[in-house]
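Chains as they are written, first to last, in this note's numbering: chain A, 12 to 424; chain B, 28 to 432.
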């Protein structure tokens, strides 16, 4: 007799359900891996390769063809000329092969030793070209009548091919990128600036958001309007608001500076985005200004779901308004505040647009993300940019691990 | 401590602090709207503030308190310590004097409101805190409204001013209506010379296609994660969130290289390949949260009645989740419309710029700032119209999707 036990393993229905689930997820998984995971691997790959911006175009052989001499009648002599060039000044190209179809009516008199003629198909093995290589290949021909009747030597474009070392795909690796970014204090400066920016920007946005949420946590006429208005900084495109701030705070003709000077607050105009500690402070202020709406929405949603019974009980016990905030609202909000802090921390850490548009990373505001761009495009050292990107990504992995540790309990993810 | 809880003291202090805040706000408002700078004078402000605070503490009728404050301000103006003073070489003193009196009302009115219902003499802790909270509330409304409104006000007004007017007096934001249609010259230039009409259209269809593609991919994905049981479900939903947090700048580099090599750079299809991928994870995350909240019983009833899963999704789940779909679509539209980094890196050809990329190209010293700000307005207005028109959905989308920055 067999013992009765619950069914083990998955039944056919469960398997069918799982199959359906995976087939529904497949499109997402494939496109996400194509555009996210593949580039991520590529970043790691590039970060250990000596790639610069100019390497994106690998060296290639280049050929131009024309007919020299002015054949007028059948039997005249002329040269087919191939002008050859290596597009790269420094890198060699191996096994260059030129092939072309000669037009009718051109009869080859002597053939270059490197070339073979098979019917009208010309094939030349040109060997290895050094960087900056230039040459001419001439093939003397006798022009026949059929060519003079509208033949064109350029009608069939020559095909040229060769093997060139592509830095992106070969197997030379280097640690120079990481060495160069960690060399000198620059990286650590950027790292510290990023942390200051991230922490201060996040806290600023959250404090403003908490304040705004407390303001709007009661219903009155116009509450909806104000709520909509307070979301403006976040909803507007970043370019619009960033440029507005830049113009508003311009040291020569910005309204704020004019106002401050005319009111006698300062004697001289202040270069808000061009001075060392001030630029960082302004960028943080911008961050807090632009993202307070987000914290405000979050906190307001939580505030409105707090049970009012507790406040009534507190009233009975004689708690004052500040005590109610401190001992009731704040502990209730702690969960959402910590989630918000971690999320905003990660997002501010990743932020690129804002600083790039406001200061371009100058005046002591170069964060890691801006550094990626600067290394890759301003210094055109893509390898170094990728190395910084790898560091940014590793930081992110650490933060996300923290996030899931703390937040999954809160959100039930 | 007890002595400090006197209504007279609280009233005077709140009145004094409020008077300074109100005076600075007023000064900035007068400067920015009339173009004639004014500065607050501490003595005058404090006098008006303390008068209104004490008046309120003495339980005078509000109208009398306001009248007292206005009289105090008038006296101060006459003596020359007026709450507001014109700055040398700028602004008419009449405007400033008039605004001094308005300021008096702006000080006294709120102060009376802070102190309503409070006794003049000894107050309890509750009463003091209530007064302080009312004060903070008033300050909060003023503060947030100012910081939000001023940049947008300056943005719109700058777009209506010529370069010369701007350099002549950067404070003067008054609109010269006599110029008529010439006021909108910046916009005219943008749409004729700078082809902003094309860019707007590009931005629009790029955003719409992004929304459609995103929904196409994320609806089945979200449904599978929310409803179907399969091994690795939890890992998948976490993985999505994790991918969502990968900074774009990290991906932008290899994407730039790959697109340069394959020739997808500088093309709209290239952009359309990337944009949905940046939004699919968040859309999936938002939608699966919503799908989970739908009652499973309705769908099971559908299954019992002989529909298969796909029919259940099409006939039951999607119609029920239209509001969520609207929120997600709006949110994704907003992300795509506002996107800057990828457009900036991948597009060089002025023929296919998106709006954000085009506005960036106006940021040069050769282009008048009027045009730059007009461009900013053009980029902002459509998204604002959408936002204000569909605020309910948008707010929901922002809250649900705000794992994104």
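Cβ coordinates follow ideal geometry from the N, Cα and C atoms, glycine included.
Residue i versus residue j: straight-line alpha-carbon distance, rounded
i, j, result
"residue 155 of chain B", "residue 414 of chain B", "40 Å"
"residue 423 of chain B", "residue 358 of chain B", "9 Å"
"residue 80 of chain A", "residue 67 of chain A", "39 Å"
"residue 251 of chain B", "residue 184 of chain A", "42 Å"
"residue 328 of chain A", "residue 316 of chain A", "22 Å"
"residue 270 of chain B", "residue 277 of chain B", "12 Å"
"residue 423 of chain A", "residue 337 of chain A", "Reliability of the predicted coordinates at residue 423 of chain A is poor, the pLDDT of 43 falling under 50, and no value is obtained from them."
"residue 103 of chain B", "residue 416 of chain B", "47 Å"
"residue 198 of chain A", "residue 189 of chain A", "10 Å"
"residue 141 of chain B", "residue 240 of chain A", "24 Å"
"residue 70 of chain A", "residue 61 of chain A", "16 Å"
"residue 286 of chain A", "residue 179 of chain A", "39 Å"
"residue 414 of chain A", "residue 268 of chain B", "11 Å"
"residue 225 of chain A", "residue 419 of chain B", "20 Å"
"residue 21 of chain A", "residue 280 of chain B", "44 Å"
"residue 50 of chain B", "residue 300 of chain B", "54 Å"
"residue 402 of chain A", "residue 305 of chain A", "28 Å"
"residue 374 of chain A", "residue 302 of chain B", "32 Å"
"residue 8 of chain B", "residue 67 of chain B", "Outside the shown range of chain B, which is 28 to 432, sits residue 8 of chain B, and nothing can be said about it."
"residue 388 of chain A", "residue 217 of chain A", "34 Å"
"residue 431 of chain B", "residue 358 of chain A", "Note on residue 431 of chain B: pLDDT 48, under 50, position unreliable in the model; the coordinate value appears next. Going by the C-alpha atoms only, they are around 7 Å apart."
"residue 260 of chain A", "residue 182 of chain B", "12 Å"
"residue 22 of chain B", "residue 220 of chain A", "Since the first residue of chain B shown is 28 and the last is 432, residue 22 of chain B is not available in this structure."
"residue 323 of chain A", "residue 153 of chain B", "15 Å"
"residue 91 of chain A", "residue 234 of chain B", "54 Å"
"residue 387 of chain B", "residue 246 of chain B", "34 Å"
Three-state secondary structure assigned by DSSP to residue i
i, result
"residue 148 of chain A", "strand"
"residue 88 of chain A", "strand"
"residue 241 of chain A", "helix"
"residue 83 of chain A", "coil"
"residue 432 of chain B", "A caution first: residue 432 of chain B carries a pLDDT of 44, below 50, which makes its placement in the model too unreliable to give a value."
"residue 95 of chain A", "strand"
"residue 350 of chain B", "helix"
"residue 315 of chain A", "helix"
"residue 127 of chain A", "strand"
"residue 33 of chain B", "strand"
"residue 134 of chain A", "strand"
"residue 413 of chain B", "helix"
"residue 395 of chain B", "coil"
Residue-level contact to chain B via CB, residue i, 8 Å cutoff
i, result
"residue 346 of chain A", "no"
"residue 273 of chain A", "yes"
"residue 457 of chain A", "Only positions 12 to 424 of chain A appear in the structure, and residue 457 of chain A is not among them; the question remains open."
"residue 188 of chain A", "no"
"residue 158 of chain A", "no"
"residue 361 of chain A", "yes"
"residue 20 of chain A", "no"
"residue 50 of chain A", "yes"
"residue 397 of chain A", "yes"
"residue 241 of chain A", "yes"
"residue 380 of chain A", "yes"
"residue 325 of chain A", "no"
"residue 423 of chain A", "Low confidence applies here, because residue 423 of chain A scores a pLDDT of 43, under 50, leaving its location unreliable and the question unanswered by this model."
"residue 332 of chain A", "yes"
"residue 415 of chain A", "yes"
Residue i at chain A interface by Cβ criterion, 8 Å
i, result
"residue 227 of chain B", "no"
"residue 317 of chain B", "no"
"residue 156 of chain B", "yes"
"residue 11 of chain B", "Past the boundaries of the shown model lies residue 11 of chain B; chain B is included only from 28 to 432, so the question cannot be answered."
"residue 411 of chain B", "yes"
"residue 178 of chain B", "yes"
"residue 142 of chain B", "no"
Whole-number beta carbon distance between residue j and residue i, since they are thought to touch under 8 Å
i, j, result
"residue 122 of chain B", "residue 100 of chain B", "Not confirmed; about 15 Å, so no contact."
"residue 347 of chain A", "residue 313 of chain A", "4 Å"
"residue 369 of chain A", "residue 399 of chain A", "The Cβ separation is near 20 Å, so there is no contact."
"residue 65 of chain B", "residue 114 of chain B", "7 Å"
"residue 80 of chain B", "residue 109 of chain B", "No, residue 80 of chain B and residue 109 of chain B are not in contact; Cβ-Cβ is about 19 Å, not under 8 Å."
Residue i CB to nearest heavy atom of the ligand SAM below 7 Å
i, result
"residue 327 of chain A", "The ligand SAM is not part of the structure shown, which contains no ligands of any sort."
Legend entry - Uninterrupted alpha helix (DSSP H) stretches inside the stretch 264–317 of chain B (no shorter than 4 residues): The qualifying runs are 275–289.
Inset, instruction - Taking only runs that begin and end inside the stretch 248–283 of chain A, name each unbroken beta strand (DSSP E) of 3 or more residues, in chain order. - result: DSSP assignment within the stretch 248–283 of chain A yields no whole beta strand (DSSP E) run of 3 residues or more.
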